[in-house]
């Protein structure tokens, strides 16, 4: 598959093999010139080190939800930095993970981008301080914490009918 994809020069060949490290990753590395990325299912820094020490990947892609939260993901980013390997934070879980990924990415030097789906910004209108996105770039919110200030009127209007609103 890698040979078929090489002519279009993708940014990364993402998750081409099962997520656990094996010799197959090294075989793939030898057989393709594509930049290889994996890691959204890596849970601990110990699982990332074999990919890094063998130079089997060009980029790791930890997900804060799967990789031990902000602290665990930061440990993976720090280990990746020791091997001069960038990370791209993975996010398919919505707005709050997007905001957490933003804050983490801003605090480390080897994270040039965050992957996110359309759903990662889907609740932006539920905030008093919505995300500012332009040309594929997101301005980091400078509000406290993750930077999300919920809009109480929006929350009241979108709660489940059986659920009371907690003032």
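In our numbering, the protein residues as written are 348 to 514. Where a beta carbon is used, it is the ideal one built from N, C-alpha and C, also for glycine.
#1: Would you mind stating whether residue 413 and residue 435 have Cβ atoms separated by less than 8 Å?
#2: Short of 6 Å in beta carbon distance, which residues of its chain neighbour residue 479, apart from the five on each side in sequence? Order them along the chain.
#3: Kindly indicate the opening and closing residues of the alpha helix (DSSP H) around residue 417.
#4: Once you ignore the five residues that flank residue 438 on each side, which residues in its own chain have a CB closer than 8 Å to its CB?
#5: Is it buried or exposed, residue 355, if we count other Cβ atoms within 10 angstroms and call 16 or more buried?
#6: Among 503, 440 and 408, whose alpha-carbon lies nearest the alpha-carbon of residue 426?
#7: Can you find the residues in the same chain that come closer than 7 Å, C-beta to C-beta, to residue 380, ignoring five residues on each side of it along the sequence?
#8: Looking only at DSSP bridge pairs, what is residue 406 linked to?
#9: Using the DSSP secondary-structure output, state which residues sit across from residue 474 in a beta bridge.
#10: Measure from the alpha carbon of residue 498 to the alpha carbon of each residue in 511, 474, 509 and 489, then state which is nearest.
#11: Less than 7 Å between C-beta atoms, sequence neighbours within five positions excluded: which residues of the same chain meet that for residue 424?
Working from what's here:
#1: The answer is no: Cβ separation not under 8 Å.
#2: Excluding the 5 residues flanking it on each side, residue 479 has same chain C-beta neighbours closer than 6 Å at 486, in chain order.
#3: Counted as a single uninterrupted DSSP element, the alpha helix (DSSP H) harbouring residue 417 occupies residues 416-429.
#4: In its chain, beyond the 5 residues on either side, 410, 411, 444, 445, 448, 461, 462, 463, 464 and 467 have a beta carbon closer than 8 Å to the beta carbon of residue 438.
#5: Residue environment: residue 355 is assigned as exposed (fewer than 16 neighbouring CB atoms within 10 Å of its CB, all protein chains considered).
#6: Measuring from the Cα of residue 426, the nearest candidate turns out to be 408.
#7: Excluding its 5 nearest sequence neighbours in each direction, residue 380 has C-beta neighbours in its own chain below 7 Å: 353, listed in chain order.
#8: The partner list for residue 406 (beta bridge, DSSP) reads 384.
#9: When DSSP reads this structure, residue 474 sits in a beta bridge with 497.
#10: The shortest C-alpha to C-alpha distance from residue 498 to any of 511, 474, 509 and 489 is the one to 474.
#11: Leaving aside the five residues that flank residue 424 on each side, the residues in its chain whose CB is nearer than 7 Å to its CB run, in chain order, 434, 455, 457 and 458.
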